[in-house]
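Enquirer: Structure incoming, see below.
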Amino acid sequence: MILDELVHPIIQAPMAGGPSTVALAVAVSDAGGMGFLATGYGRVETMRAQIRELRAATERPFGVNVFVPGSARYDEVAVERYLRQLAPEERRYGSELGLPRDDDDDWAGFLSVLEQERPPVASFTFGCPSDEEIARLRAAGISAWVTVTDPAEAQLAQERGADAVIVQGLEAGGHRGGFRDEGDGEELTLLSLLRLTHSACDLPLIAAGGIADGASLAAVLVAGAVAAQIGTAFMLADEAATHPAHRERLRHAAPTAFTRAFSGRQARGIVNRFQSEHSALAPRAYPQIHYATSPLRASARDRGDADGFNLWAGQTHSLAPELPARDVVLMLATDARAALSRTTERFQR
Ligand SMILES: Cc1cc2nc3c(=O)[nH]c(=O)nc-3n(C[C@H](O)[C@H](O)[C@H](O)COP(=O)(O)O)c2cc1C
């Protein structure tokens with residue numbers, strides 16, 4: 011299994027919309043973890059070029075993440091009402107709202123480039139590919155991983171032939187990666203999710219959400235994960251393309267919360283002005299709201315205004331180290347080992 015090839019059980023989370031770079035993935039893979047490319051919001055040919063660039067730069071295993079398009083219905087009246095509420099933001103940022111459009115993110119195109127380029131791992135977010143699609147990937151020698159947020163999703167991924175599941179606790183930064191976005195189910199913290207999924211499904215579990223130091227890495231391994239997928243703790247790494255104004259907010263303790271204000275889909279970010287003013291009315295409508303707010307967010311980023319764009323971050327963001335990614339991996343591994351031996355000693359008394 012590919013996970014056995016890793017020197018350290020550390021997987022860099024794909025982070026679309028800025029932080030993920032080829033350089034970050036190369037650094038993590040070369041350090042003995044597993045780097046990931048994020049293709050969300052991107053184009054098929056960019057994914058192909060990035061896979062080739064990454065493969066040329068490292069001989070170590072890596073992964074590629076793809077968003078699974080959904081068909082969720084949304085309330086057009088609620089979307090119109092929300093966009094009217096955002097009119098003052100247009101004036102503030104001197105930029106018009108985009109069209110609240112839908113797209114399928116060229117799903118078929120992404121799948122066929124994966125089959126052609128054959129990265130060692132492909133992971134999926136916002137849904138589970140069909141059993142035929144997973145079989146096609148596996149026939150091309152690709153391990154298929156699926157992001158889940160509850161044990162039933164893990165069971166479905168197992169039935170469809172996935173090789174592993176990424177279990178994402180509610181602590182995680184960025185979008186909730188599960189199959190549905192109804193907001194009607196119970197949101198599980200990582201420890202509960204890990205244990206419940208462990209008893210419901212036989213696949214290897216990769217833990218994600220709030221893991222930002224060696225002790226929390228050790229904790230999820232003890233709790234049944236084979237590896238951790240870590241996002242926010244790599245956002246201040248030299249190789250991450252995290253916006254400077256976003257970096258500044260990540261450094262300091264500040265509350266995070268779920269919001270649909272930026273994209274129409276639940277995601278965790280550091281609470282800023284935009285998020286606190288607009289979350290209450292933001293409807294469930296992804297990717298429509300994502301496209302509608304995109305020009306406003308771009309303009310806020312250009313101005314370095316951290317109160318006008320999404321500050322995705324996990325709950326432990328203030329622990330993120332400011333180091334080259336290689337040193338982040340080595341520090342996490344060393345500290346996890348130390349935490350495990352302290353724990354073992356405790357039981358030998
Ligand atoms: C800035 C940012 C962007 C993200 N983008 C993606 C993505 O493109 N695909 C994905 O599967 N998960 C994405 N995630 C979620 C991560 O895969 C992972 O679940 C999360 O980072 C784990 O929690 P942590 O940030 O506390 O480590 C993103 C997270 C962040 C913080």
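Mapping of the sequence shown onto this note's numbering: residues 11 to 359, in sequence order. No residue lacks a Cβ here, since even glycine has one placed at the ideal position from N, Cα and C.
Please classify Thr199: is it buried, with 16 or more other beta-carbons within 10 angstroms of its beta-carbon, or exposed?
Expert: The residue is exposed, with fewer than 16 neighbouring Cβ atoms inside 10 Å.
Enquirer: Kindly list the residues whose CB is nearer than 7 Å to the CB of Ala271, restricted to its own chain and excluding five residues on each side of it in sequence; keep chain order.
Expert: Closer than 7 Å at Cβ, skipping near neighbours: Phe284, Gln285, His288, Ser289, Ala292.
Enquirer: Following a CB-centred definition, is Ile240 positioned closer than 6 Å to any heavy atom of ligand 1?
Expert: Yes.
Enquirer: Could you check where the beta strand (DSSP E) with Ile20 kicks off and where it finishes?
Expert: Note, Ile20: beta strand (DSSP E), 20 to 22.
Enquirer: For Gly108, which residues in the same chain have their Cβ closer than 8 Å to its Cβ, ignoring the five residues on either side in sequence?
Expert: Excluding sequence neighbours, Gly108 sits near Tyr301, Ala302, Thr303, Ser304, Pro305.
Enquirer: Could you please give me the residues that DSSP links to Met44 through a beta bridge?
Expert: Note: Met44 sits in a beta bridge opposite Ile21.
Enquirer: Between which two residues does the beta strand (DSSP E) carrying Val338 extend?
Expert: Element bounds for Val338: not the beta strand (DSSP E) but the alpha helix (DSSP H), 335 to 356.
Enquirer: If you check the beta carbons only, do Arg128 and Ile144 fall under 7 Å apart?
Expert: It is not a contact, given that the beta carbons lie outside the stated cut-off.
Enquirer: Nearest-angstrom Cα distance between Ala41 and Val177?
Expert: Roughly 23 Å separates the two Cα atoms.
Enquirer: Quick test of the definition: if touching needs 3 or more C-beta pairs under 8 Å, does the region 320 to 334 touch the region 178 to 196?
Expert: Yes: the two stretches touch, three or more of their Cβ pairs being nearer than 8 Å.
Enquirer: Over what stretch of residues does the beta strand (DSSP E) that includes Gly279 continue unbroken?
Expert: Taken as a continuous stretch (DSSP letters only), the beta strand (DSSP E) holding Gly279 covers 277 to 280.
Enquirer: Measure how close the beta-carbons of Pro19 and Ala237 come, nearest whole angstrom, since I'm counting them as under 8 Å.
Expert: That belief holds up - the Cβ atoms of Pro19 and Ala237 are roughly 4 Å apart, short of 8 Å.
Enquirer: Taking only the alpha-carbon atoms, compute the straight-line gap between Arg94 and Val87 and give it to the nearest angstrom.
Expert: Taking the straight line joining both Cα atoms gives about 11 Å.
Enquirer: By DSSP's criteria, Gly224 is part of a beta bridge. Which residues make up the other side?
Expert: Bridge partners of Gly224: none, in fact.
Enquirer: Do Met245 and Leu260 have their beta-carbon atoms positioned less than 7 Å apart in this structure?
Expert: Yes, they are a contact pair.
Enquirer: Residue range of the alpha helix (DSSP H) that Ile299 falls in?
Expert: Start and end: 298 to 312.
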